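Student: Take this structure first; my questions come after.
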Amino acid sequence: MSFSVEENGPFIGIRHLQTVLLFLGIAVNYIARLNVSVLVVAMTDAATTNLDFPEFDWTETERSYILSSFYWGYIITQFPAGFLVRRFGAKIILFIPTFATAVLSGITPYCVTWGGWQAFCVIRIIEGLFQGLIFPCIHEHLAKWSPPSERNRLGVFAYSGADFGSVMAMFSSGLIANSSMGWPGISYVSAGICGIWSLLWLILGSNNAPSSCLIGQEERDYVERSMKREDGFHAQKIPVPWKAIWTSVPFYALLIVHSAQGWANSTMQLQTPAYMHGVLEMDIKSNALYSALPFLAMWCMSYVYLAFADVAMSRQWMSLTTLRKSINTVSYWGPAAALIGIGFLDKSQTNLAIALMTINAGLNAGFGIGYILGIIDMSPNHSGMLMAIVNGIGNIFPLLTPLLVGVIVSDPQQYLNSIFESLNRKSFCGPFLGIRHLQSLLLFLAIVVNYIARLNVSVSVVAMTDAATTNPDFPEYDWSEAERSYILSSFYWGYILTHFPAGFLVRRFGVKITLFIPTFATTILSSITPYCIEAIGWQAYCVIRFVMGLFQGLIFPCLHEHLAKWSPPSERNRLGVIAYSGMDCGSLLAMFSSGLIASSSMGWPGISYVSSGICGVWCLLWLILGANNAPSSCLVGQKERDYIERSMKREDGFHAQKIPVPWRAIWTSVPFIAIVVLCIAQGWAYSTMQLQTPSYMHGVLGMDITSNALYSALPFLAMWCMSYVFLVFADVAMSRQWMSLTTLRKSINTVAFWGPAAALIGIGFLDKSQTNLAIALMTISTGLYAGNGIGSMLTIIDMSPNHSGMLMAVTNGIGNLFPLLAPLLVGVIVTDSSSRSQWQIVFGITAVVFFFGNLVYIIWGSSERQPWDAEDFLQPHDSENIMRQNDFKANEGDKAKYGTMTNVRRERQQE
Numbered sequence: 001m002s003f004s005v006e007e008n009g010p011f012i013g014i015r016h017l018q019t020v021l022l023f024l025g026i027a028v029n030y031i032a033r034l035n036v037s038v039l040v041v042a043m044t045d046a047a048t049t050n051l052d053f054p055e056f057d058w059t060e061t062e063r064s065y066i067l068s069s070f071y072w073g074y075i076i077t078q079f080p081a082g083f084l085v086r087r088f089g090a091k092i093i094l095f096i097p098t099f100a101t102a103v104l105s106g107i108t109p110y111c112v113t114w115g116g117w118q119a120f121c122v123i124r125i126i127e128g129l130f131q132g133l134i135f136p137c138i139h140e141h142l143a144k145w146s147p148p149s150e151r152n153r154l155g156v157f158a159y160s161g162a163d164f165g166s167v168m169a170m171f172s173s174g175l176i177a178n179s180s181m182g183w184p185g186i187s188y189v190s191a192g193i194c195g196i197w198s199l200l201w202l203i204l205g206s207n208n209a210p211s212s213c214l215i216g217q218e219e220r221d222y223v224e225r226s227m228k229r230e231d232g233f234h235a236q237k238i239p240v241p242w243k244a245i246w247t248s249v250p251f252y253a254l255l256i257v258h259s260a261q262g263w264a265n266s267t268m269q270l271q272t273p274a275y276m277h278g279v280l281e282m283d284i285k286s287n288a289l290y291s292a293l294p295f296l297a298m299w300c301m302s303y304v305y306l307a308f309a310d311v312a313m314s315r316q317w318m319s320l321t322t323l324r325k326s327i328n329t330v331s332y333w334g335p336a337a338a339l340i341g342i343g344f345l346d347k348s349q350t351n352l353a354i355a356l357m358t359i360n361a362g363l364n365a366g367f368g369i370g371y372i373l374g375i376i377d378m379s380p381n382h383s384g385m386l387m388a389i390v391n392g393i394g395n396i397f398p399l400l401t402p403l404l405v406g407v408i409v410s411d412p413q414q415y416l417n418s419i420f421e422s423l424n425r426k427s428f429c430g431p432f433l434g435i436r437h438l439q440s441l442l443l444f445l446a447i448v449v450n451y452i453a454r455l456n457v458s459v460s461v462v463a464m465t466d467a468a469t470t471n472p473d474f475p476e477y478d479w480s481e482a483e484r485s486y487i488l489s490s491f492y493w494g495y496i497l498t499h500f501p502a503g504f505l506v507r508r509f510g511v512k513i514t515l516f517i518p519t520f521a522t523t524i525l526s527s528i529t530p531y532c533i534e535a536i537g538w539q540a541y542c543v544i545r546f547v548m549g550l551f552q553g554l555i556f557p558c559l560h561e562h563l564a565k566w567s568p569p570s571e572r573n574r575l576g577v578i579a580y581s582g583m584d585c586g587s588l589l590a591m592f593s594s595g596l597i598a599s600s601s602m603g604w605p606g607i608s609y610v611s612s613g614i615c616g617v618w619c620l621l622w623l624i625l626g627a628n629n630a631p632s633s634c635l636v637g638q639k640e641r642d643y644i645e646r647s648m649k650r651e652d653g654f655h656a657q658k659i660p661v662p663w664r665a666i667w668t669s670v671p672f673i674a675i676v677v678l679c680i681a682q683g684w685a686y687s688t689m690q691l692q693t694p695s696y697m698h699g700v701l702g703m704d705i706t707s708n709a710l711y712s713a714l715p716f717l718a719m720w721c722m723s724y725v726f727l728v729f730a731d732v733a734m735s736r737q738w739m740s741l742t743t744l745r746k747s748i749n750t751v752a753f754w755g756p757a758a759a760l761i762g763i764g765f766l767d768k769s770q771t772n773l774a775i776a777l778m779t780i781s782t783g784l785y786a787g788n789g790i791g792s793m794l795t796i797i798d799m800s801p802n803h804s805g806m807l808m809a810v811t812n813g814i815g816n817l818f819p820l821l822a823p824l825l826v827g828v829i830v831t832d833s834s835s836r837s838q839w840q841i842v843f844g845i846t847a848v849v850f851f852f853g854n855l856v857y858i859i860w861g862s863s864e865r866q867p868w869d870a871e872d873f874l875q876p877h878d879s880e881n882i883m884r885q886n887d888f889k890a891n892e893g894d895k896a897k898y899g900t901m902t903n904v905r906r907e908r909q910q911e
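Going by the UniProt record's numbering, the first residue of the sequence shown is number 1, and it counts up by one from there.
Written out as structure tokens, the structure reads:
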């Protein structure tokens, strides 16, 4: 299935507004539905939250009644909802349950104080009765508003509100319970947001395109034409073919898969906080945060699945049915394996339990594309009714699971073995990948392992100078702030020296050997770090970091050269983002895992040993699987080899030739100078965020090393996930030709640079009484910054595929002079690491650098292939060809983004 550009409607329209409203509608109702899991813990263990509010002595069975009571009402109204939404439309039927939820949430604290757990159950039953109307309405509304070509996109965005709502319910509820509002505040906040949404829905919602007073004629015609609807369609009453539905095999398959989803999802959502509290013995704040992580992964991964689905359908890799089954297989069988493992863990394995639960939920995010939207595919005219039946039957199981938990779990520590094994009951098969994707994955892993080794120093230094917060069995060092700054910056003293030579080395020896050397060297250096520090002190640490920087300076020129050799222009964004997202993943793992390792029996030396091990494993994989280019790979098939080489207009023998570097043309190229300026700004700002985040958390927010590692990692988790969100937008924008490649890159880079600039200015005005806001702003700042991959890093390959490695060596080398200076400046400015005013200056300077770097890029940057990239640019030409090169047209550069441009001389000769 494919859809031409001509069939597409306006870029942003009322159909997108309806989807945003559905997203928010699901989110606010999920917050009200799921905050009960944190609320019950807070109400029965006030010591972990706010002692100023009543505490209730409820048994595990009574808690289970409260948790399950929502579903007692929820399943009853599913089937009637199908009839109601057909009769009255989605607008009024979706308004009623949300407004009712607002009222019920508002009265919950009073009723529970008066009537106990029984009153809580009654409120939850009534809330379930109303919320049972929601998903049939959602499906009916999507069927009315979503053109088939946009169904995955709009549907996934709307249903991702469930994941977002789950995250917010888990994360915010614990924070509210610990605030001055106490546990009643959880209900009051839910009431407020549901009330606000109800008002917005009444003003902006509409049953269908023709009935909307906001929609333009062009969009109305597009929506209706895409689904072959004629005038008067929405006024007619189409009878439901009950016999045909109940004898339909695909319909029964949907019933079964949704029943499995109902059981598993409700257990994960409602029992996660109880599991965290009972088995892992964590207080309510950590409970809320860790419980939210799986749903945060689920929310982010839903967009990753969407990106894959969009690309798969636009490139016609498979039919829609095969796509849905493939994604659903990953979404179900992956979590099934993870859940069996969880059942064998105990309180000594909390980190592994959290990791498995996060992976489990993240993989399960594919069920939206996998089968939920399949209901609309099967029957757009009866989608609301079918969803009512499927969701009604499927949600019998969420009614039973908490009751089963109450029977089995008289002791919460027995929770996992009995419950999680029973969740391994899910069904449905998998997609094609090439060696170019394997190369991109290897690059991703290369960046990950090297970034872990590079960045774990920020947590290591804190652990080594404050052993009381980690493991007191290991030495503690009394290093000054200036000495810490020398350690943090010493990596970059060596890092900048080898960038320029790296460009020549990778051209001379190829990527395979040049990328192997720095990673293997990092393996050795990491393994000897603890011994050298213990024997000599901080000076030895500086020397090791300096040498590591010398080797790792070779990496990014290699990556750019490898991407230029392996990435067809039409896949450059995709493969490039996958590879470079390793920076975000590596940053995340460095921040998150280092604190956990330092707090373990391995202590701070374990941070270096783990880095050494993973770098060594990657080196082995790279030697076996890596290849300089497609023709030299023994793994790539002929079809894929031809595809890669043809896409870049390479003839036999291309990789054997030595193309001279046109230095004069490069250094007089305005777009190249703009990239250099941007890299300078990027180097300063990014290194400040990475290396100073733990120190800021420790000094200003007063957090211990474990919390430090966790909270410091959150921004990079956002960055990793957001890189795929930007990729989705870029893929859609280019496939639908919304803008040129240059405009796309500048637009994304503006969000990636100016958004963080604004956030950093705000951070500078916060102190230790505003830790939550500081964490939120830092997360937003780095999440937005994820766009720099598509926004500017891949521009170098666009400008010059033939010299991309050398250009990356030059720009990254110059840009990384400033990460050398930034920590030193911080050491001068921040004489007292707990001083808010001193950190204001640091973040303010970083924001200014962000702003002006991107401004230069907007004015003078370009993603067009430059004339000096031609293989024969430095060969003598007749005067006519020279003039044609000087008159190189801008629109020729636009062809590069579709992979249609040959070398400059051939293009000019054909004119």
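Glycine included, every Cβ here is placed at the ideal spot set by N, Cα and C.
Keep in mind the model is a prediction, meaning the values are calculated, not measured.
Give the secondary structure of Asn207 by DSSP, where H, G and I count as helix, E and B as strand, and everything else as coil.
Tutor: coil
Student: Label Gly537 either buried or exposed according to how many other C-beta atoms from any shown protein chain fall within 10 Å of its C-beta, with 16 as the threshold for buried.
Tutor: When all chains shown are included, Gly537 counts as exposed.
Student: In terms of alpha-carbon separation, which member of Met591, Phe753, Asp45 and Leu559 lies closest to Trp58?
Tutor: Its Cα nearest to that of Trp58, the residue Asp45 stands out among Met591, Phe753, Asp45 and Leu559.
Student: Where Ser647 and Lys565 are concerned, what is the direct C-alpha to C-alpha distance, given to the nearest angstrom?
Tutor: 11 Å
Student: What does the Cβ neighbour count give for Ser581, buried or exposed, with the cut at 16 atoms within 10 Å?
Tutor: It is buried - the Cβ of Ser581 has at least 16 other Cβ atoms within 10 Å.
Student: Quick check: what's the CA-CA separation for Leu807 versus Ala446?
Tutor: 20 Å
Student: Under three-state DSSP, which class holds Asn417?
Tutor: Confidence at Asn417 is low in this model, with a pLDDT of 39, below 50, so the placement of that residue should be treated as unreliable; the coordinate-derived value is given next. Note: Asn417 maps to helix in three-state DSSP.
Student: When the Cα atoms are used, what is the spatial distance from Tyr188 to Ile126?
Tutor: 17 Å
Student: Measuring alpha carbon to alpha carbon, tell me which of Ala535, Ser69 and Tyr371 ends up nearest Leu255.
Tutor: Tyr371
Student: Helix or strand or just coil, what does DSSP make of Phe53?
Tutor: The answer is coil: DSSP assigns Phe53 none of H, G, I, E or B.
Student: If the criterion is Cβ atoms closer than 8 Å, does the pair Ile487 and Tyr541 meet it?
Tutor: yes
Student: Please give me, in chain order, every unbroken run of the alpha helix (DSSP H) with length at least 4 that falls completely inside the region 612 to 664.
Tutor: Fully enclosed alpha helix (DSSP H) runs of 4 or longer: 638 to 647.
Student: Should the region 673 to 691 be regarded as contacting the region 853 to 863, the criterion being three or more beta carbon pairs within less than 8 Å?
Tutor: Segments in contact, yes.
Student: On the premise that Trp201 lies in contact with Leu94, defined as a C-beta separation below 8 Å, what is that separation, rounded to the nearest angstrom?
Tutor: 7 Å
Student: Check Ser64 in the structure and name its three-state DSSP category.
Tutor: helix
Student: When burial is assigned at 16 or more other CB atoms within 10 Å of the CB, is Gln217 buried or exposed?
Tutor: exposed
Student: If you measure between the beta carbons of Ala453 and Thr522, is that distance less than 8 Å?
Tutor: yes
Student: Compare the Cα-Cα distances from Asn364 to each of Ile375, Ala337 and Asn456 and report the closest residue.
Tutor: Ala337
Student: Out of Phe726, Ala847 and Trp839, state which residue places its alpha-carbon closest to the alpha-carbon of Gly791.
Tutor: The shortest C-alpha separation from Gly791 is found at Phe726.
Student: If you draw a straight line from the alpha carbon of Phe157 to that of Pro210, how long is it in whole angstroms?
Tutor: 23 Å
Student: Please say whether Ala598 and Val459 have beta carbons closer to each other than 8 Å?
Tutor: Contact: yes.
Student: Using a Cβ-Cβ cutoff of less than 7 Å, which residues in the same chain neighbour Ala809 once the five nearest sequence positions on both sides are dropped?
Tutor: His499, Phe500, Ala502, Gly503 and Pro557
Student: Can you find at least 3 beta carbon pairs, one from the region 152 to 166 and one from the region 293 to 308, that sit closer than 8 Å?
Tutor: yes
Student: For Arg220, name the three-state secondary structure that DSSP assigns.
Tutor: helix
Student: How big is the Cα-Cα spacing for Gln692 and Pro823?
Tutor: 8 Å
Student: Phe53: which of Ala681, Glu62 and Thr113 sits nearest, CA to CA?
Tutor: When only C-alpha atoms are compared, the closest one is Thr113.
Student: Near Ala718, which residues of its chain fall below 8 Å by C-beta distance, leaving aside the five closest residues on each side in sequence?
Tutor: Thr779, Ile780, Thr782, Gly783 and Ala786
Student: Of the choices Phe367, Phe672 and Tyr724, whose alpha-carbon is the least far from that of Gly815?
Tutor: Phe672
Student: Over the uninterrupted alpha helix (DSSP H) stretch that includes Met739, give me the two end residues.
Tutor: Segment: none, Met739 is in no alpha helix (DSSP H) and carries neither H nor E.
Student: Grouping DSSP H, G and I as helix and E and B as strand, with all else coil, what is Leu133?
Tutor: coil
Student: Assuming Leu39 contacts Trp183 (C-beta within less than 8 Å), just tell me the rounded distance between them.
Tutor: Right, the Cβ-Cβ distance comes to about 6 Å (below 8 Å), so this counts as a contact.
Student: Please state the DSSP three-state secondary structure of Asp731.
Tutor: helix
Student: Evaluate contact between the region 505 to 519 and the region 572 to 579, counting only Cβ atoms and requiring at least three cross-stretch pairs below 8 Å.
Tutor: In short, these stretches do not touch, since the Cβ pair count stays below three.
Student: As a quick exercise: from Ile245, Ala191, Glu476 and Asp869, pick the residue whose alpha carbon is nearest that of Val103.
Tutor: Ala191
Student: Could you name the residues of the same chain whose beta carbon sits closer than 7 Å to that of Asn749, not counting the 5 residues immediately before and after it, in chain order?
Tutor: Gly787, Asn788, Gly791, Ser792, Asn854 and Tyr857
Student: Can you round the beta-carbon distance between Ala27 and Phe164 to whole angstroms, since I take them to be within the 8 Å contact cut?
Tutor: 5 Å between Cβ atoms; contact.
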